[in-house]
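Participant:
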Amino acid sequence: MPTTLLCADTILTLDTQDTRYAPGYLVLEGDRIREVGPQAALAGRHFDAEITLKNRLLMPGLINAHTHTPMVLFRGLAEPYSLFTFEGWYEGIRSWEAVLEADMIADAVAVSCAEMIRTGTTCFADQYFYMDHITPVVEQSGLRAALAYGIVEMGDAAARERELGAAATFLESIQGHPRLKGWVGPHAFFVDNSPKAIELELALADRFETGLHFHLATSGEEERHCREHFGCGAVQQMERLGILKRRLLAAHSITIPSEDFPTLARYPFTAVIAASACMRSGAEIAALDAMRRAGINIALGTDNVANNNSYDMFNEMQTTAKLMSLREKCPAAVPARDILRMATLGGARALGLENETGSLEVGKKADLITLSLDDIGWAPDADLSGTAVETALVYSVSGMHVRDVMVDGAWLLRDGAWLTLDYAESRSRLNAAFVRLKARRKEGQRLGG
Ligand SMILES: [Zn+2]
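FYI, the numbering for the sequence shown is -10 to 438, going by my numbering.
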């Protein structure tokens, strides 16, 4: 198989030993990393293709562990609403979703994927309905993804049957895809998914040997519900039902009682922290530091961009780090190095992909990004054994420093230009779809009274 040599000024592998090379090289064979090391070790060797990434830092791609890609259609509409309460979500989002049409989805997803690629994300975990319209665009984008078919039940048994049937068809259709994995996406256990829905969703996840991506503990609603109806907390009830044995992606995880942390640490459970969305909605702050000390895997996500409003995971890392220092009243309560791990290997672990992606190591997939060292925001300390690079990546560099993105050994962005998606075209069609969406909502309001 042809080999490709990539040379960069600095390579951060983000492996467990925190190995760095400056200057460094990577050798790719097909979609995998075959070698990584210091350029001095190359000693005149030659490869089928050789690419010098001048004034670039090369690192693993970021993993956005909680998104709802079609919701870029609603960007700018949720300013006055908390999307962390049922009321706010219903007013701010659900009323728009009621007039959403299937043919609006593809362009929204294309814009979302383009923004993720542009800002250095190589893998993401999505949760939404219309998954049959989302999947072809994600496939075209070249990104790696865990796609969860979203299920909102809200007491409607017919909707439950319809959505579960559609979820099963979707999971069947995506089986064996090299980059995309189907997940089950209950919107929120106990809040808008009934015990019957939960039972069927778990059976679906068991049948397809996959995970569940859902919202948990955004405001304590399910905790109160479970105490009232089952005489125990939500985590105990999930354990009783056998939910915890599946891989779980629990978006937000803000109000989980600390006595449940040891239980969750025993299972393949990930708390996905979406700090910007949390702050925008005026929600409480997750006990990230206590959870990770208890042994719970942590990943970071942007959540929907009506709430965030950005897909930039560098921005998300910065917000998370600052929010945790503020919460704990302690500088670097969660050090930059650990924040970077959460946005890379933490996300990979969440998706069961830790042997495939999340760090630059021999045998892993070539999922990587480069950032321009010519742009502003880098620390003057060139000592790569120190923390200056990590501090810059978390606190002063943005996604707009990203110049190149590769997933599975294929370039998705080269020197800032998209190679798999036509952003301008998709954005223009998205704008037109939004005009239609507004008209449909206005008409609905007129007919409704
Ligand atoms: Zn969400």
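From the three backbone atoms N, C-alpha and C, an ideal C-beta is built for every residue, glycine too.
Just to check my reading of the structure: residue 296 and residue 270 have Cβ atoms closer than 8 Å, yes? What is that Cβ distance to the nearest angstrom?
Facilitator: The count along the sequence shown starts at 1 and reaches residue 296 at position 307. The count along the sequence shown starts at 1 and reaches residue 270 at position 281. With 8 Å as the limit, residue 296 and residue 270 qualify as a contact, their Cβ atoms being about 6 Å apart.
Participant: Is residue 55 near ligand 1, in the sense that its beta carbon is under 7 Å from a heavy atom of that ligand?
Facilitator: What you label residue 55 is simply residue 66 of the sequence shown in a count that begins at 1. Yes, ligand 1 has a heavy atom inside 7 Å of this Cβ.
Participant: Suppose only complete runs of 3+ residues qualify. What are the beta strand (DSSP E) ranges in the segment 329 to 379, listed by chain order?
Facilitator: Here the runs fully enclosed are 357 to 361.
Participant: Distance, Cα to Cα, residue 464 vs residue 0?
Facilitator: Residue 464 lies beyond the range of the chain shown here (-10 to 438); nothing can be said about it.
Participant: Across the segment 124 to 143 and the segment 159 to 178, are there enough close Cβ pairs to call them in contact, namely three or more that are closer than 8 Å?
Facilitator: Yes, the segment 124 to 143 is in contact with the segment 159 to 178.
Participant: My assumption, with CB atoms under 8 Å, is that residue 238 sits in contact with residue 114. Please give the rounded CB distance.
Facilitator: Taking the first residue of the sequence shown as position 1, residue 238 is located at position 249. Taking the first residue of the sequence shown as position 1, residue 114 is located at position 125. So it is a contact: roughly 6 Å between Cβ atoms.
Participant: Looking at ligand 1, does it come within less than 7 Å of residue 206, judged from the CB to the closest heavy atom?
Facilitator: Numbered from 1 along the sequence shown, position 217 holds the residue referred to as residue 206. Not under cutoff, so the answer is no.
Participant: Considering residue 18, what are the terminal residues of the beta strand (DSSP E) in which it resides?
Facilitator: Numbered from 1 along the sequence shown, position 29 holds the residue referred to as residue 18. Residues 13 to 18.
Participant: Would you say the segment 14 to 25 touches the segment 330 to 341, given that touching needs at least three Cβ pairs under 8 Å?
Facilitator: With a cut-off of 8 Å, the segment 330 to 341 and the segment 14 to 25 do not count as touching, because too few Cβ pairs lie within range.
Participant: Residue 438 by DSSP, collapsed to three states: which one?
Facilitator: Taking the sequence shown and counting its residues from 1, the one referred to as residue 438 is at position 449. Residue placement at residue 438 is poorly supported in this model, since its pLDDT is 47, which falls under 50; the coordinates still yield a value, given next. Looking at residue 438 - three-state DSSP - the assignment turns out to be coil, as it is neither helix nor strand.
Participant: Check the DSSP bridge columns for residue 240 and list the partner residues they point to.
Facilitator: Position 251 of the sequence shown, counted from the start, is the residue given in the question as residue 240. BP columns for residue 240 point to 204 and 261.
Participant: Sorted by chain position, which residues of the same chain lie with C-beta nearer than 7 Å to residue 276's C-beta, five sequence neighbours on each side aside?
Facilitator: Mapped onto the sequence shown, residue 276 falls at position 287. If we look at residue 276 and ignore the five residues flanking it on each side, its Cβ neighbours are 247.
Participant: For the alpha helix (DSSP H) holding residue 113, just list the boundary residues, first then last.
Facilitator: Here residue 113 is taken as the residue at index 124 of the sequence shown, counted from 1. Element bounds for residue 113: not the alpha helix (DSSP H) but the beta strand (DSSP E), 110 to 117.
Participant: Confirm the yes/no value for this check: CB of residue 292, any heavy atom of ligand 1, distance under 7 Å.
Facilitator: The residue you call residue 292 lines up with position 303 of the sequence shown. True, at least one ligand heavy atom lies under 7 Å from that Cβ.
Participant: Along the chain, where does the alpha helix (DSSP H) that runs through residue 8 open and close?
Facilitator: Against the sequence shown, residue 8 aligns to sequence position 19. No alpha helix (DSSP H) holds residue 8; DSSP gives it neither H nor E.
Participant: Using the DSSP secondary-structure output, state which residues sit across from residue 138 in a beta bridge.
Facilitator: As a first step, residue 138 must be located in the sequence shown, where it is residue number 149. For residue 138, which the question treats as bridged, DSSP gives the partners 117 and 173.
Participant: Got a sec? Which residues, its chain only, sit under 7 Å from residue 128 by beta carbon, not counting five neighbours each side?
Facilitator: Position 139 of the sequence shown, counting from 1, holds the residue named residue 128. Only 169 meet the Cβ criterion.
Participant: Which runs of the beta strand (DSSP E), 3 residues or longer, sit entirely within the segment 36 to 115?
Facilitator: Segments of the beta strand (DSSP E) lying fully in the segment 36 to 115: 38 to 49 and 51 to 56.
Participant: Taking DSSP's pairing of strands, which residues face residue -4 in a bridge?
Facilitator: Here residue -4 is taken as the residue at index 7 of the sequence shown, counted from 1. Residue -4 is bridged to 14 and 41.
Participant: Which one or two residues does DSSP pair with residue 395 in a beta bridge?
Facilitator: Translated into positions along the sequence shown, residue 395 becomes position 406. Partner(s): 357 and 400.
Participant: Evaluate residue 218 with the Cβ neighbour count: other Cβ atoms within 10 Å of its Cβ, from every protein chain shown; 16 or more gives buried, anything less gives exposed.
Facilitator: The residue labelled residue 218 in the question sits at position 229 within the sequence shown. With fewer than 16 other Cβ atoms within 10 Å, it is exposed.
Participant: Assess, as a yes-or-no matter, whether the segment 21 to 39 is touched by the segment 227 to 236 under the definition of 3 or more beta carbon pairs within less than 8 Å.
Facilitator: Not touching, per the Cβ criterion.
Participant: Take every Cβ of the segment 51 to 69, pair it with every Cβ of the segment 283 to 297, and state whether three or more of those distances are shorter than 8 Å.
Facilitator: Contact holds: three or more Cβ-Cβ distances are below 8 Å.
Participant: With H, G and I counted as helix, E and B as strand and the rest as coil, what does DSSP make of residue 178?
Facilitator: Translated into positions along the sequence shown, residue 178 becomes position 189. DSSP places residue 178 in strand when its eight states are reduced to three.
Participant: One question on the structure: do residue 66 and residue 78 come within less than 8 Å of each other, judged by their Cβ atoms?
Facilitator: Start at 1 with the first residue of the sequence shown, and residue 66 comes out as number 77. Start at 1 with the first residue of the sequence shown, and residue 78 comes out as number 89. For residue 66 and residue 78, no; Cβs fall outside 8 Å.
Participant: Ends of the beta strand (DSSP E) at residue 232?
Facilitator: Position 243 of the sequence shown, counted from the start, is the residue given in the question as residue 232. Element bounds for residue 232: n/a, residue is neither H nor E.
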